[in-house]
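Beneath this line is the structure, given in structure tokens, with notes to follow.
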Amino acid sequence: MNVANYPVWTLRRFAACLWVLLLGSLPAQSQSPIRVLELFTSEACRACLRADGLLDRVAREPRTVAIAWHVDYWNMRGWTDPLSLPSAGHRQYGYRDAFGLTGVFTPQVVVDGVASMVAGKRSLVEEALPQSDVTTIPIAVERMADSVMIGLPERSDMTGDVRVLLVLTRPDRVRYISGGDNAGRSSLSVNVVAELRTLQRWRGGAEKIELPRSDIEAHGGDSFLLIQRFDGLGRPRAIIGAERLLGEKSAGS
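In UniProt numbering, the protein residues as written are 1 to 253.
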């Protein structure tokens, strides 16, 4: 076959399809599973600042995705958290109902969508990482100059509501808090969620998804892909796949 006779876009599409097919032949456990920790927190919550700092350590652990959701229901206590999102509280209330809890609280850590605990008593690494044994799905990520290509393998066990989610975060920074219970203190914000997008429902077929870098770098922070089950009432359940889209965060970064 003389590849010179084929348009560039045809060859690129062929290569992408071949890449997804090869992904499906890889052993499912070729790497240790990625664990996902979601911290629900607020700058207006006095008990949360230590957990915010500990999340930085978790975010640097290999094969770990650690993100912070700043909820908005603390905003009436003398400080409006500028990082808070209505969608953060909505997601936390979904977990509350899924876990059968009587209410929401901060700081809360949810591991892989299946385990919940109060954060900050000990190192989040020691507390949270052993709490889940969810079997995860390998996700292939190819980083190119202008886009990122994501490959999902063919799976016959993908029934029900399974969603492919894109999590966009803000740049890490130290923030000074000038009001409320934490007035005069500083908070380390790490992987704070700026936006959550549902890319598609996944039925288990081999898929390739190409995302422009302008999309995944829109808020200046890290970007993560999650595959998550939802129940019949739309409540979040097990996270069965995850990948960082912009490369690993090192201990010195």
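By construction, the Cβ of each residue, glycine as well, lies at the ideal position given by its N, Cα and C atoms.
Quick caveat, the model's predicted, so the values are computed rather than measured.
Between residue i and residue j, what straight-line distance do the alpha-carbon atoms span, to the nearest angstrom?
i    : j    : result
V190 : A206 : 33 Å
D56  : M158 : 33 Å
Q200 : P62  : 27 Å
R163 : D72  : 25 Å
G221 : G53  : 17 Å
A66  : E243 : 11 Å
G247 : A115 : 26 Å
P138 : R155 : 11 Å
E142 : I150 : 7 Å
L152 : K208 : 6 Å
A59  : R237 : 22 Å
Per the DSSP calculation, residue i is bridged to which residue(s)?
i    : result
V167 : L196 and F224
G151 : A140 and K208
W74  : Looking at the DSSP assignment, W74 forms no beta bridge with any residue, so it has no partner.
Applying the criterion that 16 or more other CB atoms from any shown protein chain within 10 Å of the CB defines a buried residue, is residue i buried or exposed?
i    : result
Y95  : buried
T198 : exposed
S178 : exposed
P33  : buried
R203 : exposed
S172 : Reading the sequence as shown, one finds Asp at residue 172 and not Ser. Looking at its Cβ environment, which holds 16 or more other Cβ atoms inside 10 Å, D172 is buried.
D146 : exposed
A44  : buried
L233 : exposed
V110 : buried
Would you identify the three-state DSSP class for residue i, choosing helix, strand or coil?
i    : result
Y176 : strand
A4   : In this prediction, A4 scores a pLDDT of 45, lower than 50, which makes its location untrustworthy; no coordinate-derived value is stated.
S156 : coil
F99  : helix
H219 : coil
G94  : helix
D56  : helix
T39  : For clarity, residue 39 is Leu in the given sequence; the question names Thr instead. The answer is strand: DSSP assigns L39 an E or B state.
Just confirm the distance between the C-beta atoms of residue i and residue j, as a whole number of angstroms; I'd bet it's less than 8 Å.
i    : j    : result
A119 : L39  : 6 Å
S223 : L245 : 4 Å
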